[in-house]
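So the sequence lines, in the order shown, correspond to chains A and B. Letter 74 of the first sequence, counting from 1, is numbered 74 in the numbering used here, and no numbers are missing. Letter 3 of the second sequence, counting from 1, is numbered 1003 in the numbering used here, and no numbers are missing. Backbone N, C-alpha and C define an ideal beta-carbon position, used for all residues, glycine too. Please read all numbers here as calculations on a predicted model, not as lab measurements.
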Amino acid sequence: MRNCADAYTTLTVQAEVSNLPDVLEFVDTELESVGCDMKTQMMIEIAAEELYTNIAKYAYEPGTGEAVIRIRHLEDPKAVEITFEDSGIPYDPLAKEDPDVTMPAEEREIGGLGIFMVKKSMDEVTYEFSGGHNIVRILKLL
Amino acid sequence: MTIEKTRNDGDFLVKVSGRLDTTTAPELERELEDGLQGVTKLTIDFSDLEYISSAGLRVLLRAQRMMNNQGEMIVRGVNDIVKEIFEVTGFTDILTIE
Chain A
1 MRNCADAYTT LTVQAEVSNL PDVLEFVDTE LESVGCDMKT QMMIEIAAEE
51 LYTNIAKYAY EPGTGEAVIR IRHLEDPKAV EITFEDSGIP YDPLAKEDPD
101 VTMPAEEREI GGLGIFMVKK SMDEVTYEFS GGHNIVRILK LL
Chain B
1001 MTIEKTRNDG DFLVKVSGRL DTTTAPELER ELEDGLQGVT KLTIDFSDLE
1051 YISSAGLRVL LRAQRMMNNQ GEMIVRGVND IVKEIFEVTG FTDILTIE
C-alpha cells in the first residue's frame, strides 16, 4: 500500500526537442531532492528523455503544443512517479512492438529502441487517453 | 558533450565525453559521417561518457554498420551504467567492447 505521497511538482513546456535540457534538469532536481543512486537516476533520465522527445517530435506534428511533466515521490514502497502529458494526436507508444534485440547490426531496426528501454528499465509503465490528453506514467522503485 | 578526434592513417580514435542524448547525438553522427572515409579501425572511447540515450545508441549502430563494411570498430572505457544499457538493448552482442 502506498500510504504517503508528496504532491506533484509540475513543469509545463512548449513541446520542442530544444527544451529537453530543461525537462531533464527538472527531473534531475526532483530526483536529487529524493536521493537516489546514480544508476537509477540515469535510467529515469533516459526514460524521461525518450518519452518527452516522443511528444516533442510527434504529438503535435506538424504544429506544436504543450507538454506537461508531473513528478512525485512515493513512500512505502519508496518510488518516483512521473507522468508525461500532451494534448496532441491520440497515440499509445506502448502499443509498438518491441524490437528484436538479438538481431545482428545489419538487420537491426534503427527505431523503437527508446520505448523498449523505458519498458525494460522502469517498474511500471502505463498509457491512457483521458480528457483529450495522452498520459504516459512511469514508476521506478528506489 | 565534447568530441576529441585523433586520426593516424587508417586508425581513428574518437573520445566522447559528457552526455550523448537527443540534442547532442546529431553532432557525433556528423563527425563520424564526415570522418570515416578510409578508416579501417574506429575506436570510440567512452571513459568520460556520463549518459547515453537511444539517440546515442542509434549513432553507434550506424557507425557499426559502416565499419562492418570497411574494417573494425571498438568501444572502450564503458562504465557500469552505460554497460547495463548496452546489455538491456542487446548492444553487447553488436559492439566490440573492450
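Residue from the options with nearest C-alpha to residue i
i, options, result
"D1009(B)", "G1056(B), L1036(B), T1089(B)", "L1036(B)"
"G1071(B)", "S1017(B), L1028(B), T1096(B), L1049(B)", "T1096(B)"
"T64(A)", "A79(A), H73(A), V80(A), D86(A)", "D86(A)"
"Y8(A)", "H73(A), E128(A), G111(A)", "H73(A)"
"A15(A)", "G111(A), C36(A), A59(A)", "A59(A)"
"K140(A)", "C36(A), E50(A), L11(A)", "C36(A)"
"G114(A)", "L20(A), L51(A), V34(A), T29(A)", "L51(A)"
"I135(A)", "L11(A), V118(A), P93(A), I110(A)", "P93(A)"
"E109(A)", "E1098(B), L1061(B), I1074(B)", "L1061(B)"
"S130(A)", "P90(A), V118(A), M103(A)", "P90(A)"
"K120(A)", "V101(A), E106(A), E128(A), E107(A)", "V101(A)"
"F1046(B)", "T1092(B), V1014(B), E1087(B)", "V1014(B)"
"E66(A)", "E124(A), D6(A), L20(A), E107(A)", "L20(A)"
"E107(A)", "L1028(B), N1068(B), R1030(B), E1050(B)", "N1068(B)"
Spatial neighbours of residue i in its chain, beta-carbon cut-off 7 Å, leaving aside the 5 residues before and after
i, result
"I1052(B)", "L1020, V1082, I1085"
"V17(A)", "T53, A56, K57"
"L31(A)", "Q41, I44, V80"
"D22(A)", "V13"
"M1066(B)", "L1036"
"L1057(B)", "T1089, F1091"
Beta-carbon contacts of residue i that lie in its chain and below 8 Å, excluding the five residues immediately before and after
i, result
"V27(A)", "I44, E45, A48, I69, I71, I82"
"F1012(B)", "K1005, T1006, G1035, L1036, V1039, K1041, L1042, T1043"
"G112(A)", "K96, E97, D98, P99"
"Q1064(B)", "M1073, I1094, L1095"
Boundaries (first-last residue) of the alpha helix (DSSP H) holding residue i
i, result
"G1018(B)", "Segment 1011-1020 is the beta strand (DSSP E) holding G1018(B); no alpha helix (DSSP H) there."
"N1079(B)", "Careful: N1079(B) lies outside any alpha helix (DSSP H) and carries neither H nor E."
"A47(A)", "38-54"
"P139(A)", "Reading off the sequence, residue 139(A) comes out as Leu, not Pro. Segment 133-141 is the beta strand (DSSP E) holding L139(A); no alpha helix (DSSP H) there."
"E61(A)", "Neither: E61(A) is in no alpha helix (DSSP H) and is coded neither H nor E."
"L24(A)", "20-34"
"I1094(B)", "1091-1094"
Proximal residues of chain A, C-beta to C-beta of residue i below 8 Å
i, result
"I1094(B)", "P104, A105, R108"
Close Cβ partners of residue i (< 6 Å) along its chain, the five nearest in sequence each way excluded
i, result
"K39(A)", "none"
"R137(A)", "T83, T126"
"K78(A)", "L142"
"D98(A)", "F116"
"G132(A)", "S87"
"G1090(B)", "none"
"G1098(B)", "Rather than Gly, the amino acid found at residue 1098(B) in this sequence is Glu. Within the same chain, E1098(B) has close Cβ partners I1074, R1076."
"T1024(B)", "M1001"
"M1017(B)", "Here the sequence assigns Ser to residue 1017(B), which means Met is not the residue at that position. Contacts found: T1002, D1048."
Contacts that residue i makes with chain B (C-beta to C-beta distance below 7 Å)
i, result
"T53(A)", "T1022"
"N101(A)", "Checking the sequence shown, residue 101(A) turns out to be Val, not Asn. Within chain B, the residues near V101(A) are T1089, G1090."
"I46(A)", "S1053"
"K120(A)", "V1088"
The beta strand (DSSP E) enclosing residue i, as first and last residue numbers
i, result
"T12(A)", "9-14"
"L113(A)", "Counting along the chain, L113(A) falls outside any beta strand (DSSP E), though it belongs to the alpha helix (DSSP H) covering 113-121."
"I89(A)", "I89(A) -> no beta strand (DSSP E), and no H or E assigned at all."
"E75(A)", "66-75"
"I1003(B)", "1002-1008"
"T128(A)", "Per the sequence shown, the amino acid found at residue 128(A) is Glu instead of Thr. Element bounds for E128(A): 124-130."
Neighbour list for residue i in chain B, Cβ cutoff strictly below 9 Å
i, result
"K39(A)", "D1080, I1081, E1084"
Partner residues on chain A for residue i, Cβ-Cβ distance less than 7 Å
i, result
"L1057(B)", "L113"
Partner residues on chain B for residue i, Cβ-Cβ distance less than 8 Å
i, result
"E50(A)", "S1053, S1054"
Can you list, in chain order, the stretches of the beta strand (DSSP E) that have 3 or more residues and sit fully within the segment 1033-1065 of chain B?
1041-1045, 1049-1052
If the cut-off is 8 Å on Cβ atoms, which residues from the segment 1059-1081 of chain B count as contacting chain D, listed in chain order?
Absent here is chain D; the protein component of the structure consists of chains A and B.
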